[in-house]
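In what follows, a structure is listed as structure tokens, so that the remarks can point back to it.
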Amino acid sequence: MNADRTASDVALVDLHRSYAGVPALDGLTLEVESGEFVSLLGPSGCGKTTALRILAGLETADAGQVVVSGKDITAVPANRRDMGMVFQAYSLFPNMTALDNVAFGLRLRGVGTADRRRRAGDMLDLVGLSAQAAKYPHMMSGGQQQRVALARALAIEPKVLLLDEPLSALDAKVRVQLRDEIRRIQGELHITTLFVTHDQEEALAISDRVGVMSQGRLEQLDSPARVYQDPATPFVAEFVGVTNAFTGTVQGAAVALPGGGRLHADVVAGQPDGSTARVLVRPAELRLSADGDGLPGTVVTHSFLGALTRITVRLDGDGAAAVLVDTATEEAGRFPPGAPVRLDVAPAAAMLGAAAS
């Protein structure tokens, strides 16, 4: 990619970054379109926050480019990058009111008192905190403080909004409310946004595209539905969403399991007979029946999830692991704990997992 590329609003090009010889980014390339909301998702240490901080100018890459609106800003200082950033920690000034906190960046940019107070007031209104303008951080809840931090980042009208785990310190209910609010505001302002999170539900719920990272590399960048339904790599298949793993020996288009059962899976067709394969199946892709030719097992527990009930089944056979099955709640009563059942899966629904060790 050339530095004058203008097709994307933000481009990270072949980024490398190591700490004490340990790679944090290993050739990361990522493009974000204008007005797009992209989430970077992955386990701790995968490099997602490092990528965000390099884009913000808070860290320097060992190699690679940072391109914004077609301009190479790799060497541009952080204070000249026109980025708004919201961290996990609210980082508000405790001796300033909400209004003054939001206006702080405008003051640094030399905006006059009247204009910055008007702009700060508009931003507090946007995040639903007009009534809290005169309050100090210690007088507000965690969710309110994070809204102030978001308003402060937006007040400077940044080219790009960067969000680094901004919701992880909040309780579950507030987290859901604020994530939806962030998405609403981002859509209204049409601001290019990069959001870093380790929460799968969060990333899948609010993003235009999700980038799944592992060991400093981008495994897949796609719509939430594609990432979930059509994972590009075994890592993505196992990391995103709940999966059941079946490890056994390939026999044609099936996997022979240690307990004696066979799981038909199109994904292993073409692999050598006798090789070991790890096959993944989402709980919603498994079907329970009282009899039939499926894998035999016994119902262990029910977990009520509203319209769905997650049923845990122990497969027959030595060393068999528990298998999770999602079924309609009105159907779950047919399979009470202790009941013998059969498990079936459509062969096309199975995915290939990482190679068994």
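Numbering (numbering that gives the first Met the number 0), first residue to last: 0 to 356.
Virtual Cβ for every residue (Gly too), placed ideally from N, Cα, C.
Quick caveat: nothing in here was measured; it's all calculated off a predicted structure.
When burial is assigned at 16 or more other CB atoms within 10 Å of the CB, is residue 164 buried or exposed?
By the neighbour-count rule (16 or more Cβ atoms within 10 Å), residue 164 is buried.
Pull up the distance between the alpha-carbon of residue 150 and that of residue 241, whole angstroms please.
About 35 Å.
So, with DSSP's three-state summary, where would you put residue 215?
Coil at residue 215, not helix or strand.
Measure the alpha-carbon distance for residue 99 versus residue 218 and round it to whole angstroms.
Going from the Cα of residue 99 to the Cα of residue 218 covers about 42 Å.
If you run the structure through DSSP and keep just helix, strand and coil, what is residue 430?
This structure cannot settle anything about residue 430, because the visible part of the chain is limited to 0 through 356.
To which residues of the same chain is residue 226 closer than 8 Å at the C-beta, ignoring the five residues directly before and after it?
Excluding residues within five positions, the ones whose Cβ falls inside 8 Å are 203, 209, 211, 219, 235, 239.
When the Cβ atoms of the stretch 190-207 are set against those of the stretch 32-52, are three or more pairs found closer than 8 Å?
Cβ pair count under 8 Å is three or more, so yes.
Report yes if the CB atom of residue 314 is closer than 9 Å to the CB atom of residue 260, and no otherwise.
Going by C-beta atoms, residue 314 is nearer than 9 Å to residue 260.
Between which residues of its own chain and residue 228 is the CB-CB distance below 7 Å, once the five residues before and five after are set aside?
Nothing meets the Cβ criterion.
How far does the alpha helix (DSSP H) with residue 239 in it extend, from its first residue to its last?
Run containing residue 239: none; DSSP gives neither H nor E here.
Should residue 247 be labelled buried (16 or more other beta-carbon atoms within 10 Å of its own) or exposed?
Residue 247 should be labelled buried.
So, under 8 Å CB-CB, residue 177 and residue 162 are touching, yes? Tell me the CB distance rounded to an integer number of Å.
Not a contact, Cβ separation roughly 11 Å.
Buried or exposed, going by whether 16 or more other CB atoms sit within 10 Å of the CB of residue 89?
Buried, by the Cβ-count rule.
Mark residue 243 as exposed unless 16 or more other C-beta atoms lie within 10 angstroms of its C-beta, in which case mark it buried.
Buried.
At which residue ranges does the stretch 56-108 contain complete beta strand (DSSP E) runs of 3 or more residues, listed in the order of the chain?
As far as the stretch 56-108 is concerned, its whole beta strand (DSSP E) runs of at least 3 residues are 62-67, 82-85.
Is it right to say residue 170 is buried, meaning 16 or more other beta carbons lie within 10 angstroms of its own, or is it exposed?
The residue is exposed, with fewer than 16 neighbouring Cβ atoms inside 10 Å.
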